[in-house]
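Take the first sequence: its letters are residues 1 to 506, numbered as in my numbering. We put the CB at the ideal spot given by N, CA and C, even for glycine. Note that the coordinates shown come from a computational prediction; the quantities given were computed from them, not determined experimentally. Notes follow once the structure below has been shown.
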Amino acid sequence: MPASEKPARVRFAPSPTGTTHLGSARTALYDYLLARQTGGQFILRIEDTDRKRYVPGSEQELMASLRWLGLEWDEGPDVGGPHAPYRQSERKHIYLQHALELVERGHAYYCFCSPQRLEKVRQEQQRRKELPLYDGTCRRLPPAEATARAAAGEQHVIRFKMPREGSITAHDRLRGDITVKNRNLDDYIIVKSDGLALYHLAAMVDDHLMGVTHVLRSAEWLPTFPLHVHIVRAFGWAELEWVHLSLFLKPSGKGKMSKRDTQALKESGYSIFVEDLRLAGYLPEAVVNWVALMGWSYDDHTEFFTLPELVEKFSLDKLNPSPAAMNYSKLDHFNGLHIRSLEVSDLARRIKPFLLNAGYYLDDELLLQVAPIIQKRLVTLDDAIPMAGFFFQPQIAPKADDLVGKNMSPARSAHAARAAYALLAALPSISLETAEEPLRRLAEELGLDAGQLFGILRVAATGQPVSPPLFESMQIIGKPVVLERLKNAIAILEGLAAESPHPLAQ
RNA sequence: GCCCCCAUCGUCUAGGGGACCAGGACGUGGCCCUUUCAAGGCCAAAACCGGGGUUCGAAUCCCCGUGGGGGCACCA
Numbered sequence: 001m002p003a004s005e006k007p008a009r010v011r012f013a014p015s016p017t018g019t020t021h022l023g024s025a026r027t028a029l030y031d032y033l034l035a036r037q038t039g040g041q042f043i044l045r046i047e048d049t050d051r052k053r054y055v056p057g058s059e060q061e062l063m064a065s066l067r068w069l070g071l072e073w074d075e076g077p078d079v080g081g082p083h084a085p086y087r088q089s090e091r092k093h094i095y096l097q098h099a100l101e102l103v104e105r106g107h108a109y110y111c112f113c114s115p116q117r118l119e120k121v122r123q124e125q126q127r128r129k130e131l132p133l134y135d136g137t138c139r140r141l142p143p144a145e146a147t148a149r150a151a152a153g154e155q156h157v158i159r160f161k162m163p164r165e166g167s168i169t170a171h172d173r174l175r176g177d178i179t180v181k182n183r184n185l186d187d188y189i190i191v192k193s194d195g196l197a198l199y200h201l202a203a204m205v206d207d208h209l210m211g212v213t214h215v216l217r218s219a220e221w222l223p224t225f226p227l228h229v230h231i232v233r234a235f236g237w238a239e240l241e242w243v244h245l246s247l248f249l250k251p252s253g254k255g256k257m258s259k260r261d262t263q264a265l266k267e268s269g270y271s272i273f274v275e276d277l278r279l280a281g282y283l284p285e286a287v288v289n290w291v292a293l294m295g296w297s298y299d300d301h302t303e304f305f306t307l308p309e310l311v312e313k314f315s316l317d318k319l320n321p322s323p324a325a326m327n328y329s330k331l332d333h334f335n336g337l338h339i340r341s342l343e344v345s346d347l348a349r350r351i352k353p354f355l356l357n358a359g360y361y362l363d364d365e366l367l368l369q370v371a372p373i374i375q376k377r378l379v380t381l382d383d384a385i386p387m388a389g390f391f392f393q394p395q396i397a398p399k400a401d402d403l404v405g406k407n408m409s410p411a412r413s414a415h416a417a418r419a420a421y422a423l424l425a426a427l428p429s430i431s432l433e434t435a436e437e438p439l440r441r442l443a444e445e446l447g448l449d450a451g452q453l454f455g456i457l458r459v460a461a462t463g464q465p466v467s468p469p470l471f472e473s474m475q476i477i478g479k480p481v482v483l484e485r486l487k488n489a490i491a492i493l494e495g496l497a498a499e500s501p502h503p504l505a506q
């Protein structure tokens, strides 16, 4: 185990504004891995300071998705912890108190400008192709006057008083030192007129109060990163270890996912939402494995990882700063790999809800027999429905054309089926051991390829031209039912032969 | 427009001055195996954005271009 990091207290801090997507899942995964690897804590904090964007139910979905992925947190809104509450909307007074401290110490000031005026200023700046920054009107107010006006109840916000000169250098774990001139930074609003803090203040206050050591977040935060460091330094708090993770790009690699891309992706059967992937039959193990490898690598030859293995092998030093396009065919590959590594009973357990959902009556014993023969063939759990649904249907309805053997006439197919019926009927039971050899000999006697005969039997017994292995399937279906279905197939083939316009065609 | 980040096969990546006519994985093509479909095995095609430096030597370090991406809210 790499002991390079001290016990890390990390936080995953999503805002409850929508459905959990893969980018969040990866951040949470890395948080979890770092915490578990170093013997630290994984904190879940809900950043719900913007009540306008709050989506009811998203918090529940978020927690369900994290738990589905196997990422349990040590402290959070539902499990509590030493720094509760873990929901920012419940910590309003804490932020306000800290903002006032900043005002008193000259690092922040009251601003009484109306949103309308600010909008006008911004438009003018943009027309003049300038950086749209606050023009500093209230920054020049005498502090005593500003405090008096605020105390008198005048509408106001609190802005951070950005130094006008010089620059700030902050360290990012993946990119090294990042230096920005202070004049390119704004006097950001840190407390809104409703008294609630913005992310910039709230997150920094919480990270400090909660003893967070490492901040892992998306690279989208890089532009405001210097502001956050300014705030931390204004308070005189300990510097954090900043890790800005690479962005996730849409599969084409051209930019991040938009609403439209998200919809288009769904139509092709994939999704960036964890919930959708679960519903589509992906294993949490596969999603974790796939997402872990987008922006992180171990060595050249190992790519298959379980969560415990990732806890052991993960390292911040192997993180890659460049944006990564999502490769869904690789997700499919990982899903197949993880499905194949499952115990049969586990696989059966996971397939069950998909079969049930598709309306198939479920016999657990039967499912346990079916699972091993489809295990190598599944890409998603959902694939079990078209692949093995017939096992759970009392009736099958093979298509007449499918029953005709390859390069054979209906009459000849019927003849072959009758011969196979006689052979199988005489067997004590049907299995690979008992039926394969005799059937191969029969094919030879009939002048057929084994594939031609087996094809007819496959469609007759399973109702479909593509199925799990024939003998294993027939064994599961059972001799009486196989014979009954074969009889039915013979009847269909004979009917087809009777109406055939080419009686001589063989 | 301004600020910031990034830059190796189609995609995810290894590589941190000589071990690289650049390795692995997905995908693609071919072959083998084979009762269908898979799985598995083998093989192949496929990349260091460009230009300058530094150096005996650069995919690797520096600079400049170019390209791509992100951000510029009383959102997070």
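Closest Cα partner of residue i within the set the options
i	options	result
leucine 245	Asn357, Phe225 and Pro398	Phe225
leucine 209	Leu310, Val180, Ile94 and Gln395	Ile94
arginine 278	Gly451, Gly81 and Ala64	Ala64
tryptophan 68	Val291, Glu285, Lys181 and Arg91	Glu285
alanine 170	Thr147, Cys111, Leu131 and His230	His230
arginine 140	Val121, Ile168, Gly80 and Cys111	Cys111
arginine 117	Arg127, Leu100, Asp135 and Arg128	Asp135
arginine 183	Trp237, Leu133 and Ala384	Leu133
glutamate 309	Ala292, Lys250 and Ala8	Ala292
leucine 249	Gly295, Thr147 and Arg418	Gly295
glutamate 61	Glu275, Met326 and Tyr199	Glu275
alanine 450	Asn407, Lys129, Glu130 and Glu239	Asn407
leucine 366	Leu446, His301, Ile476 and Gly253	Ile476
isoleucine 158	Thr262, Ala150 and Phe304	Ala150
isoleucine 430	Thr137, Pro480 and Ala234	Pro480
lysine 92	Thr17, Asp194, Ala400 and Val121	Asp194
tryptophan 237	Gln395, His98 and Asp401	His98
leucine 96	Gly463, Leu198, Pro82 and Thr17	Leu198
Buried versus exposed, by CB contacts within 10 Å (16 or more), residue i
i	result
glutamate 154	exposed
alanine 397	exposed
valine 55	exposed
arginine 45	buried
arginine 441	exposed
tyrosine 30	buried
leucine 356	exposed
aspartate 78	exposed
glutamate 145	exposed
leucine 486	buried
glycine 513	As shown, the chain starts at 1 and ends at 506. That puts residue 513 outside it, with no answer to give.
alanine 461	buried
For residue i, three-class secondary structure by DSSP
i	result
cysteine 138	helix
histidine 200	helix
phenylalanine 314	coil
lysine 22	A quick correction: the sequence has leucine, not lysine, at residue 22. DSSP places leucine 22 in helix when its eight states are reduced to three.
glutamate 47	coil
isoleucine 396	coil
glycine 242	According to the sequence as given, residue 242 is tryptophan; it is not glycine. It is a strand residue.
tyrosine 110	strand
leucine 185	coil
glycine 359	coil
glutamate 499	coil
valine 287	helix
glycine 451	helix
tryptophan 237	coil
glutamate 72	coil
serine 329	helix
Rounded distance between the beta-carbons of residue j and residue i, thought under 8 Å
i	j	result
alanine 435	leucine 424	7 Å
valine 287	alanine 25	7 Å
leucine 526	tryptophan 290	As displayed, the chain neither begins before 1 nor continues past 506, which places residue 526 out of reach and without an answer.
alanine 420	leucine 457	6 Å
alanine 219	leucine 185	About 18 Å; that fails the 8 Å criterion.
arginine 173	leucine 316	6 Å
valine 370	phenylalanine 354	Wrong, their Cβ atoms sit about 13 Å apart, outside the cutoff.
aspartate 382	alanine 280	6 Å
alanine 414	leucine 493	4 Å
valine 10	leucine 240	Not confirmed; about 10 Å, so no contact.
aspartate 50	arginine 87	That pair is no contact at about 13 Å.
asparagine 335	tyrosine 282	5 Å
alanine 8	alanine 35	6 Å
Notebook entry, point to check: Is the region 204-217 close to the region 105-113, with three or more CB pairs under 8 Å?
Noted result: Counting Cβ pairs under 8 Å, fewer than three are found: no touch.
Practice item. Report yes or no: do three or more beta-carbon pairs, one from the region 256-268 and one from the region 189-202, lie closer than 8 Å? Key: Result no; under three Cβ-Cβ pairs closer than 8 Å.
- Could you say if the region 312-326 and the region 359-370 meet the contact criterion of at least three C-beta pairs nearer than 8 Å? Segments in contact, no.
task: Say whether the region 365-376 touches the region 337-353, bearing in mind that this needs 3 or more beta-carbon pairs closer than 8 Å, one atom from each stretch.
output: A contact exists between the region 365-376 and the region 337-353.
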